[in-house]
Amino acid sequence: MFFLTRERQEVFDAAHTYPFEEEIDSEFEEHLYLHLAQYIDVLPQKFQLGIIERTLFRNDTLMDEFEEWCNVTIEQFTTKGNAIYEKREAIVTRFNPSAQTVFSQSFHDGKIIHAKQQGDTFTLLLDMSGGFTVESIVQLVFHDVQTEGKLEGNYVYDELIEIAEGFVLRVLSSFGSPYREWTIFFKEVKASCLYRPAVYIEPGEVATWGEYVSALNPEDKYYIVKDMRFVEVDLASLSQTENGISAGGISLGDHFEEARERIYCATYEDPYAHFSEPIPTDELSFAMFDIDPTIRVRAFNTIFALGEDVAYIVNAALRKANVNEEEDMYFGILASHFDQLGCLEDDVKHKWLSE
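Start counting the sequence shown at -13; every next residue gets the next number (the working numbering).
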């Protein structure tokens, strides 16, 4: 039924072990043999002996064959993986609206916090802080389910298919090889998610719990995760005493660093939005050289957005900037961009692009 299996994923991982474009010294060779030994059972037999006897990387003919096998394996798996993803995108359009958004992204590298079935309902809670989504916590609730296998560690890859009775999801999870296979048959899935407050991204600028709470958006709603549930907390109930930090009587930890890890919000806040705040045109010439790196980034973002309209400012700044200064890397990028726009004056082009 599924292309995605534990064995196929391990074959793909084994193929990625090949040291493409890398020099193999004795230390690296030892590492490769140890790594390949983990996949010995899924490799073609003609390579197994070379790995066991540690002769694979000294036999040019066998090495060429192994490289070819790796290339073909990676290409075939990648092609099939792309097809699986496209099919997944089409199927999720028939999901509950709450689930469509989260399933349109990848759960890869999400940490499995809880996975529990109660009756014909299965709840899966994922910590996506190490993943590739703006959501930090995702809760999936599957209805009318049957399950096979076990989930543990991190959510690695999945494959979704549609059947007459509903849908089937195959998930590979792991703490590292070997993988676990888990399959769930379901008729409906609903999703809920939480985000990190924008202030969470730059804790170095916030030294105390009081400063952190003050920086939170009072217009948003805030939650902690307790017993697989999202529990709303009132900002007014957040308190710190000599016994620790709590929210409405629920302990969040002994220290600021612990407590901030427990707090989530309902609305996504782009923590880097301030970098896109435009600088007034008449201030750009000075902002590009400001000692505050945030102002400099805002200035360059403004210039890229305005394009040809600020070419005169760009030419003047490039005449002033030192081409040999490492911190002026942005000016080099700026020169290349405005040269492509045909806006660089001859002396500026000679200074920045002559070599």
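Glycine is no exception: its CB is placed at the ideal position from the N, C-alpha and C atoms. Because the structure is a prediction, the values reported are computed rather than measured.
In the three-state reduction of the DSSP assignment, L29 falls in the coil class. The beta-carbon distance between E174 and H129, rounded to whole angstroms, is 5 Å. This is short enough to meet the 8 Å contact definition. With respect to the 8 Å criterion, F(-11) and K73 are not classified as neighbours on the basis of their beta carbons. Here Q326 carries a helix assignment [DSSP, helix/strand/coil]. Going by beta carbons, Y25 and E(-4) fall inside the 8 Å limit.
Looking at the backbone, the Cα of L48 and that of V154 are separated by about 41 Å.
If the five residues before and after S84 are omitted, its C-beta is found closer than 8 Å to the C-beta atoms of K176, A177, S178, all from its own chain and listed in chain order. By the 16-neighbour rule on beta-carbons within 10 angstroms, D144 is buried. By the 16-neighbour rule on beta-carbons within 10 angstroms, E138 is exposed. DSSP, reduced to helix, strand and coil, places E8 outside both helices and strands of the structure shown, so it counts as coil. For I249, there is no enclosing alpha helix (DSSP H), as DSSP marks it with neither H nor E. Residue pairing of T227 in beta bridges, as defined by DSSP: G230. Counting along the chain, S271 sits inside the alpha helix (DSSP H) bounded by residues 270 to 273. Just measuring C-alpha positions, the residue of Y254, I187, G196 sitting nearest Y208 is Y254. If you keep only unbroken alpha helix (DSSP H) runs of at least 4 residues inside the segment 276 to 314, you get 279 to 292, 297 to 306. Under DSSP, D144 forms a beta bridge with V157. Per DSSP, the continuous alpha helix (DSSP H) segment holding T59 begins and ends at 46 to 78. Between Y316 and R246, the gap from beta carbon to beta carbon reaches 8 Å or more.
Residue pairing by DSSP places Q86 opposite no residue, since no beta bridge is assigned to it.
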